[in-house]
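**Q** So that we are looking at the same thing, I have put the structure below in structure tokens.
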Amino acid sequence: MVFGKVHSVETMGMVDGPGIRVVVFLQGCALRCLFCHNPDTWETNSPSAEEVSPKDLVKKIVRYKPYFANDGGVTFSGGEPLLQPEFLLETLRRCREAGIHTCLDTAGCGKGSYEEILQYTDLILYDVKQITEENYRKMTGRGWEETKRFLQAVQKAGTPVWVRQVVVPGLTDGEAYMKALQTFIRTYVPNVQKVELLPYHLLGVHKYEIMGIPYRLQSVPAMDTKKTQMWQEKYFS
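Per our numbering, the sequence shown starts with residue 1410, numbered consecutively.
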């Protein structure tokens, strides 16, 4: 039996997809985004992660099914959920059998098996990191070949997508960036139903201090929420 590494499980989530959701944070991520607020999810084999089987995890999720109503469900986040493809696939399959709406919160940088995984995925929250290859590498430490492979699989599968962009002062903000983001989404991201701009915040900075990791955006302030809302309404309403 396949087992997965789970960082944590949040119940009654309201911001990671439609309706009321269980959010499962899987351990492990290949990216090192400058604005990441969950560095504790980076290492797949972290001793703090819980090892769990798909059967046991879905049993836990099913307990909250009465709260989902018509539009809730489960969201698999991270870390990067696609880094555990066998575990994710089996868990998604069991969720489908249980009649639970499934969502992936992902940067699309996993280990393949995307076509199989998307067969059991109802919605994707796709995290845009940056909109040029050069700046994507600066932001994440990786090239964007893998995320483009994932988007090709999404296009083939026809899975609905909600796009998310963290708005970071000096990096992913401003009128010019928003116009370029519109073009990027039209060019590269298929099946888009919605675009969400998320203001950069400082809530995860203390984790870097605890873990002894230098925080590379130390001098960057939190993003102005009113500006973010203004751009949301102007460009992506």
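Glycine included, each C-beta is placed from N, C-alpha and C at the ideal position.
1) Could you please give me the residues that DSSP links to Cys-1445 through a beta bridge?
2) From what residue to what residue does the alpha helix (DSSP H) around His-1615 run?
3) Kindly identify the DSSP beta-bridge partner or partners of Cys-1512.
4) Would you check if the region 1548-1555 and the region 1587-1594 touch, i.e. whether three or more CB-CB distances between them fall below 8 Å?
5) What are the start and end residues of the alpha helix (DSSP H) that includes Arg-1472?
6) Rounding to the nearest angstrom, what Cα-Cα distance links Gly-1413 and Pro-1494 in this structure?
7) Just to confirm, are Val-1598 and Tyr-1535 a CB contact at a threshold of 8 Å?
8) Could you tell me how far apart the beta carbons of Arg-1546 and Gly-1481 are, in whole angstroms, since I believe they sit closer than 8 Å?
9) Just to confirm my understanding: we take His-1510, look at its own chain, exclude 5 residues before and 5 after, and list those with CB closer than 6 Å. What are they?
10) What are the partner residues of Tyr-1557, as DSSP defines its beta bridges?
11) Kindly indicate which three-state DSSP category Trp-1640 falls into: helix, strand or coil?
12) Buried or exposed: which applies to Ile-1470, given that a residue is buried once 16 or more other Cβ atoms fall within 10 Å of its Cβ?
**A** Taking the definition as stated:
1) DSSP lists no partner for Cys-1445.
2) 1614-1620
3) Thr-1484, Leu-1532
4) no
5) Looking at the DSSP string, Arg-1472 is not in any alpha helix (DSSP H), and its letter there is neither H nor E.
6) 9 Å
7) yes
8) Wrong, their Cβ atoms sit about 37 Å apart, outside the cutoff.
9) Gly-1482, Asp-1531
10) Correcting the residue identity first, residue 1557 is Lys in this sequence and not Tyr. Bridge partners of Lys-1557: none, in fact.
11) helix
12) buried
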